[in-house]
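Written below as structure tokens is the structure these notes are about.
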Ligand SMILES: [Zn+2]
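Residue numbers (the working numbering): 13 to 185.
Printed below as a string of structure tokens:
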């Protein structure tokens, strides 16, 4: 595993921030259904290069800090690939670009990858939730209200059209 990670990260390590690992536990059904979820990314993530042991990428700390204390929590939306029956009860690893460690302050590189380990189990304390249809419908609420004026405009336009037709009919006689 270590040599595979080394091979993957070595050529691109100077072009983006360090890669991070985060393990997320969620109900197995969500994996079976390929659910859309969102979760709060912790401020400190495990360094992917050393797995927490400490290396040059993480300044020997084993951890990567992705935001300062006063920054608001980062919510990451993810749609899980639907788990097939032959995959049994196993979890999976998703590679999410630009959600990993921050690049060095000198450089204008994107953030590293987030290797999200999705493990079936109790969600526990981790703030993770499904973004299901009802949730999306609730989000659409204000948008629907926003469209109301255009319905009025359509009704007014229709009335004007009827008035024009009537005027044309009566005018013609
Ligand atoms: Zn490290």
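Note that CB positions come from ideal geometry on N, CA and C, so glycine has one too.
Given the structure is predicted, the values throughout are model-derived calculations rather than measurements.
Looking at the secondary structure, which residues open and close the alpha helix (DSSP H) in which residue i lies?
i: residue 41; result: 40 to 45
Spell out the partners DSSP gives residue i in its beta bridges.
i: residue 107; result: 127
i: residue 37; result: 131
i: residue 52; result: 87
i: residue 76; result: 57
i: residue 167; result: The partner list for residue 167 (beta bridge, DSSP) is empty, contrary to what the question assumes.
i: residue 175; result: According to DSSP, residue 175 bridges with nothing at all.
i: residue 116; result: Answer is none; residue 116 lacks a bridge partner.
i: residue 32; result: 59, 126
Using 8 Å as the threshold, is the C-beta distance between residue i and residue j below it?
i: residue 36; j: residue 130; result: yes
i: residue 32; j: residue 92; result: no
i: residue 58; j: residue 47; result: no
i: residue 121; j: residue 27; result: yes
i: residue 143; j: residue 89; result: yes
Could you tell me the boundaries of the beta strand (DSSP E) in which residue i lies?
i: residue 90; result: 86 to 91
i: residue 141; result: 140 to 142
Keeping to the same chain, check which residues put their C-beta closer than 8 Å to that of residue i; ignore five residues upstream and five downstream.
i: residue 178; result: none
i: residue 181; result: none
i: residue 62; result: 69, 70, 74
Taking the alpha carbon of residue i as the point to measure from, which residue in the options has its own alpha carbon closest?
i: residue 60; options: 48, 51, 73; result: 73
i: residue 68; options: 29, 100, 183; result: 29
i: residue 53; options: 65, 62, 128, 176; result: 128
i: residue 111; options: 124, 103, 119, 102; result: 124
i: residue 86; options: 63, 107, 94, 50; result: 50
i: residue 116; options: 77, 173, 139; result: 77
Near residue i, what residues of its chain come up, given a Cβ to Cβ distance below 6 Å and the 5 sequence neighbours on each side ignored?
i: residue 97; result: none
i: residue 79; result: 55
i: residue 108; result: 126, 128
i: residue 95; result: 43, 44
In its own chain, which residues sit with a C-beta less than 7 Å from the C-beta of residue i, not counting the 5 before and 5 after it?
i: residue 133; result: 37
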